[in-house]
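K.L.:
Numbering (my numbering), first residue to last: 5 to 528.
1) Quick one: does the C-beta of residue 175 sit closer than 7 Å to a heavy atom of the ligand SAM?
2) Where does residue 228 land, buried or exposed, given buried means 16+ other C-beta within 10 angstroms?
3) Going straight from the alpha carbon of residue 508 to that of residue 449, what length do you get?
4) Do residue 468 and residue 505 count as a contact pair if the criterion is CB distance below 8 Å?
5) With residue 166 and residue 141 assumed to form a contact (beta carbons below 8 Å), what rounded beta-carbon distance in angstroms separates them?
6) Once the 5 residues before and after residue 324 are set aside, which same chain residues still bring their CB inside 6 Å of it?
7) Can you give the Cα-Cα distance for residue 29 and residue 120, rounded to whole angstroms?
8) Assign residue 212 to one of three DSSP states: helix, strand, or coil.
9) Pop quiz: residue 297 and residue 277 are said to be a contact at Cβ under 8 Å. What is the actual Cβ separation, rounded to whole angstroms?
10) Can residue 289 and residue 188 be called in contact, C-beta distance under 8 Å?
11) Does the Cβ-Cβ distance between residue 75 and residue 331 come in under 8 Å?
12) Can you give me the C-alpha to C-alpha distance between residue 259 and residue 306, rounded to a whole angstrom?
13) For residue 99, report the span of its beta strand (DSSP E) as first-last.
14) Sorted by chain position, which residues of the same chain lie with C-beta nearer than 7 Å to residue 313's C-beta, five sequence neighbours on each side aside?
15) Any idea if residue 186 is buried or exposed, counting beta-carbon neighbours within 10 angstroms, 16 or more meaning buried?
16) With 16 other CB atoms within 10 Å as the buried threshold, where does residue 164 fall?
17) Let me confirm a value: residue 12 is counted as buried when at least 16 other C-beta atoms fall within 10 Å, else exposed. Which label applies?
18) Out of 279, 252 and 265, which has the shortest C-alpha to C-alpha gap to residue 215?
19) Go through its chain and collect everything with a Cβ distance to residue 530's Cβ below 6 Å, but skip five positions before and after it.
20) Can you give the Cα-Cα distance for residue 232 and residue 143, rounded to whole angstroms?
21) If you draw a straight line from the alpha carbon of residue 1 to that of residue 376, how long is it in whole angstroms?
22) When burial is assigned at 16 or more other CB atoms within 10 Å of the CB, is residue 406 buried or exposed?
23) Which residue wins for smallest C-alpha separation from residue 78, given the options 90, 170 and 151?
24) Using three-state DSSP, classify residue 79 as helix, strand or coil.
25) Among residues of its own chain, excluding the 5 on either side of residue 211, which ones have a beta-carbon nearer than 7 Å to its beta-carbon?
26) Can you tell me where the alpha helix (DSSP H) with residue 322 in it begins and where it stops?
27) Which of the three DSSP states is assigned to residue 515 in this structure?
28) Tell me which residues share the same chain as residue 237 and place their Cβ nearer than 6 Å to its Cβ, disregarding the 5 neighbours each side in the sequence.
29) If you measure between the beta carbons of residue 328 and residue 49, is that distance less than 8 Å?
30) Quick one: complete alpha helix (DSSP H) runs, 4+ long, within the stretch 117-147?
31) Within this structure, are the beta carbons of residue 492 and residue 510 separated by less than 8 Å?
32) Within 10 Å of its beta-carbon, does residue 415 have 16 or more other beta-carbons around it, so buried, or fewer, so exposed?
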């Protein structure tokens, strides 16, 4: 007996290798499955097509799925939803089948645009940017999918659906965990509008759809079987306030419908109610005496199609589920429902650009090698030409080199002689005399001229901002070691850009390097 691992048992998802391959699943053209996800319940509708001329049959059932999960974005919702899906799959023997999912307006927002193509494209871009503002779907990133139809060359009809990305991912994970393959996820209101278009005596004028889900209502405006808008005035509409909301916003809805009607009446005379039977009946009573609008209930048996609903499935069959089943009569490419699954497919699909880049890499490498070899050959040819030019001028360069070599030899000979003479000169130099003078200068004294006389005397011309600075300079020179005699030859007032100064002329007799002198304190 083979033991199941933890991942293969219980409520955990099965491993990818444990599932049937998609081409071996029991989904075939003879069966079409729709699963409707509402706030608290799951409703399954199974359409079995007749092999002969008989009518197709519809089976349905309903089951509660949420117990502890606060919302569908929560991780706990994946476990609860997948457990309920397994029960439905076992009940209808649809394990491994492809499923059409109808998602309640609790989890998605539908917007319909119709008009000139250029204007609609611009509005769609703005709508995608505003999708993060749908706080009713929860905080975070939203997924948007658009289904476009072109009634004419200049007119575009676009249905955009926004859903929280976490909600969409959790729905897909739950179906994968239950062994079901999702082929389409559409909003509940578009499925209901498809079913309402098959009702008898559908008016040619615009009409309203109201889908009751618990204490909230989805309100839609339809014309000629197509949804024109998902109307949510100031958020979600409470079921008890629907008649009041209709009376307040009826004129606005009629003005909106008039945009799509040319030369015809845009008056709204009828509203269809669908959802919980008791809640719908109560709302119909609330309309009596409040509004003159014709209120009708959508019964699943009234939806006209080539099928028969099983007697034991009549109570669980909903108009929204039947609207999803109606899509089975069209090829997948011609179904008019927006598919939220496209967002997940686009995220998981490998981009085409990396594939093309990987395919072109060998060719690009060969081309680059050829270009590199050509550039290298050209560079080598340029180098050879440059060397030939340099060799042509080498004769004159060699002559100049010989001349410079002889000049260097003569210079080195003179340098030796100068070094010999320098060794015989007294140790007293101009640098030492300049250092001696600089160490004895006060801060406010500067020199204009420094003249060395016979290497034993220095003549100084300078100025000081203060007269006392001149005498301090003389006194410090007299005390400096290396000075034999200091004579102040003249001092007279003068001016400068900074103010009055005292100009002076000094002559300093320097002592011989070996001559003794009186020790004094050194001025730092």
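We put the CB at the ideal spot given by N, CA and C, even for glycine.
P.N.:
Put simply:
1) In the structure shown, the ligand SAM is absent, as is every other ligand, since no ligand is present at all.
2) With fewer than 16 other Cβ atoms within 10 Å, it is exposed.
3) Just so you know, the alpha carbons of residue 508 and residue 449 end up roughly 10 Å apart.
4) Their beta carbons are under 8 Å apart, which means residue 505 touches residue 468 by this criterion.
5) That belief holds up - the Cβ atoms of residue 166 and residue 141 are roughly 7 Å apart, short of 8 Å.
6) Cβ within range, chain order: 40, 106, 192, 195 and 196.
7) Interpretation of residue 29 is limited by its pLDDT of 48, a score under 50 that renders its predicted location unreliable; no figure is taken from the coordinates.
8) Three-state result, residue 212: strand.
9) About 11 Å separates the CB atoms of residue 297 and residue 277; that is not less than 8 Å, and the two are not in contact.
10) At least 8 Å separates the beta-carbon of residue 289 from that of residue 188.
11) In this structure, residue 75 keeps its C-beta atom at 8 Å or more from the C-beta atom of residue 331.
12) Their Cα atoms are separated by approximately 30 Å.
13) Neither: residue 99 is in no beta strand (DSSP E) and is coded neither H nor E.
14) Contacts found: 62, 304, 305 and 321.
15) It is buried - the Cβ of residue 186 has at least 16 other Cβ atoms within 10 Å.
16) So residue 164 counts as buried.
17) Any reading at residue 12 must be qualified, since the residue scores a pLDDT of 43, below 50, and its modelled position is unreliable; the value itself is stated next. When all chains shown are included, residue 12 counts as exposed.
18) The shortest Cα separation from residue 215 among 279, 252 and 265 belongs to 279.
19) With the chain covering only 5 through 528, there is no way to say anything about residue 530.
20) Separation of residue 232 and residue 143 (C-alpha to C-alpha, rounded to the nearest whole angstrom) is 27 Å.
21) Here the chain comprises residues numbered 5 to 528, so residue 1 is not present and cannot be evaluated.
22) Under this definition residue 406 is an exposed residue.
23) When only C-alpha atoms are compared, the closest one is 170.
24) Helix at residue 79.
25) In chain order, 226, 272, 274, 275 and 276 place their CB closer than 7 Å to the CB of residue 211, counting only its own chain and leaving out the 5 sequence neighbours on each side.
26) If you look at residue 322, you'll find it isn't in any alpha helix (DSSP H); DSSP assigns it neither H nor E.
27) Three-state DSSP puts residue 515 in coil, outside helix and strand.
28) Take residue 237, set aside five residues on each side of it, and the residues of its chain with a beta-carbon closer than 6 Å to its own are 253, in chain order.
29) Yes, the Cβ-Cβ distance between residue 328 and residue 49 is below 8 Å.
30) Complete alpha helix (DSSP H) runs here, min 4: 121-134.
31) Yes, these two residues count as a Cβ contact at 8 Å.
32) Answer is exposed; the Cβ neighbour count stays below 16.
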